[in-house]
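Residue numbers (this note's numbering): 3 to 92. Worksheet: the structure to be examined is printed underneath.
And the structure:
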C-alpha cells in the first residue's frame, strides 16, 4: 500500500521491516496497527485503534514507538527495533 505522511511517500510493501501491533485490552476490545521501518531508515506507524476510522498514519521516532506501543510488542520485537535504531533499550 502506498501512503503519504508529512509530505513523504512510502510503500509499505517495500519497507525493510514491519511489525504488527495487536492486543486485546481489559474490556476485550481488539486494537490493531502496524509499525514500519522504511528501506531508507524512516519509521512510521498506522496507529492502533479498535475503531477503523480512528487509525492514522504518522512518522515516529523509534524510541517513541518503543514507549508508546510497548504493550503491543514482544520482548524480541523490542530488542530488534532497538538494535535497528541503535538504541540502548532494556
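No residue lacks a Cβ here, since even glycine has one placed at the ideal position from N, Cα and C.
I'd like to check one pair, residue j with residue i: are the Cβ atoms closer than 9 angstroms?
i, j, result
"residue 86", "residue 62", "no"
"residue 7", "residue 59", "yes"
Nearest to residue i by CA position, among the options, is which residue?
i, options, result
"residue 67", "13, 35, 12, 4", "35"
"residue 40", "21, 27, 31", "21"
"residue 16", "42, 23, 9, 32", "42"
Could you pull the start and end residues of the alpha helix (DSSP H) that residue i belongs to?
i, result
"residue 83", "77-87"
"residue 66", "64-70"
Tell me, please, which residues DSSP counts as bridged to residue i.
i, result
"residue 4", "13"
Could you give the residue range of the beta strand (DSSP E) that holds residue i?
i, result
"residue 34", "32-39"
"residue 46", "45-51"
"residue 20", "19-26"
"residue 59", "59-61"
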